[in-house]
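Enquirer: In our numbering, the protein residues as written are 288 to 480. After the structure tokens below, expect a handful of questions from me.
As structure tokens, then:
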């Protein structure tokens with residue numbers, strides 16, 4: 288019992304540290320002005336033009352998977368990176384490929400009361416290890432907030448949103464997993480690192 292408690296406490300501390308780091312990062316990125324001007328380029332595009340590599344580690348120009356969802360939503364998974372702390376971080380882009388604004392389905396948050404209480408998120412995402420026959424759910428911090436992109440509600444036609452999700456890492460020999468998100472088709476992704 289002591290080992291289990293220690294492992295649970297360690298996971299909680301790591302999750303809290305990650306959440307605090309994300310909160311600091313988000314606070315540092317906040318702008319001081321209004322939203323009256325749209326950015327000229329996406330966050331991953333280079334100012335000089337051309338096809339420069341992305342700043343995010345493990346990302347490539349070709350997505351690992353493209354998953355179609357309801358109402359013209361498209362999720363492009365750009366990386367799935369295994370961290371030394373026992374996590375897998377999945378990065379991607381959620382895009383409205385349709386011709387009209389879309390309200391992001393609340394089903395993406397999943398059906399767990401603790402996650403739903405914290406607002407819209409991608410908390411319903413899972414990774415499935417077919418070899419080990421295990422499902423991995425989005426991690427949460429000690430207050431029950433999912434370690435994923437949160438706080439979005441609609442996407443205008445053609446708009447994109449950079450997204451991330453963190454999961455417990457499957458065993459090292461599990462390099463390919465199935466990614467699932469409610470209302471989207473599932474797809475196989477390769478974990479790097």
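Glycine residues also receive a C-beta, built at the ideal position from the N, C-alpha and C atoms.
#1: Inspect the CB distances between the region 408-423 and the region 348-357 and report whether three or more fall short of 8 angstroms.
#2: When you compare only the Cα positions, how much space is there between residue 409 and residue 369?
#3: Mind checking residue 476: buried by the 16 CB within 10 Å criterion, or exposed?
#4: Among 472, 432 and 411, which residue has its Cα nearest to the Cα of residue 424?
#5: Alpha carbon to alpha carbon, what distance is there between residue 456 and residue 463?
#6: Count the other CB atoms, across all protein chains shown, that sit within 10 Å of the CB of residue 390; report buried if there are 16 or more and exposed otherwise.
#7: When you compare the CB positions of residue 431 and residue 402, do they come within less than 8 angstroms of one another, or not?
#8: Please report how far the alpha carbon of residue 428 lies from the alpha carbon of residue 453, in whole angstroms.
#9: If I follow the unbroken alpha helix (DSSP H) through residue 401, where does it start and stop?
#10: DSSP state of residue 395, grouped into three classes?
#11: What separation, rounded to the nearest whole angstrom, lies between the Cα atoms of residue 362 and residue 468?
#12: Any idea what DSSP makes of residue 411, helix, strand or coil?
#13: Using three-state DSSP, classify residue 416 as helix, strand or coil.
#14: Taking the runs of the beta strand (DSSP E) that are 3 residues or longer, which of them lie wholly in the region 441-475?
#15: So for residue 284, helix, strand or coil by DSSP?
#16: Could you check how far apart the C-beta atoms of residue 470 and residue 392 are, in whole angstroms? I think they sit under 8 angstroms.
#17: Give the range of the beta strand (DSSP E) segment to which residue 354 is assigned.
#18: How many Å lie between residue 335 and residue 365 at the Cα?
#19: Would DSSP call residue 431 helix, strand or coil?
#20: Let me check understanding here. Comparing Cα to Cα, which of 444, 399, 441 and 445 lies closest to residue 426?
Expert: Judging by the given coordinates:
#1: Touching, no, given that fewer than three Cβ pairs across the two stretches are closer than 8 angstroms.
#2: Roughly 19 angstroms between the two C-alpha positions.
#3: Buried, by the Cβ-count rule.
#4: By alpha-carbon distance to residue 424, the top candidate from 472, 432 and 411 is 411.
#5: Straight-line Cα distance between these residues: approximately 12 angstroms.
#6: Residue environment: residue 390 is assigned as exposed (fewer than 16 neighbouring CB atoms within 10 Å of its CB, all protein chains considered).
#7: Yes; because the gap between Cβ atoms is below 8 angstroms, this pair is in contact.
#8: Here the alpha carbons of residue 453 and residue 428 stand approximately 11 angstroms from one another.
#9: Residue 401 -> alpha helix (DSSP H) spans 400-403.
#10: Helix.
#11: Residue 362 and residue 468: Cα-Cα distance of roughly 10 angstroms.
#12: Look at residue 411 here: in three-state DSSP terms it is coil, with no helix or strand label.
#13: Residue state for residue 416 is assigned as strand, using DSSP reduced to three classes.
#14: Fully enclosed beta strand (DSSP E) runs of 3 or longer: 447-455 and 463-467.
#15: Here the chain covers residues 288 to 480 and nothing more, so residue 284 does not appear.
#16: Sure, about 5 angstroms apart at Cβ, within 8 angstroms.
#17: Counting along the chain, the unbroken beta strand (DSSP E) around residue 354 starts and ends at 352-355.
#18: Note on residue 335: pLDDT 37, under 50, position unreliable in the model; the coordinate value appears next. Between residue 335 and residue 365, the alpha-carbon positions lie close to 22 angstroms from each other.
#19: For residue 431, the three-state secondary structure derived from DSSP is coil.
#20: Cα-wise, what sits closest to residue 426 is 399.
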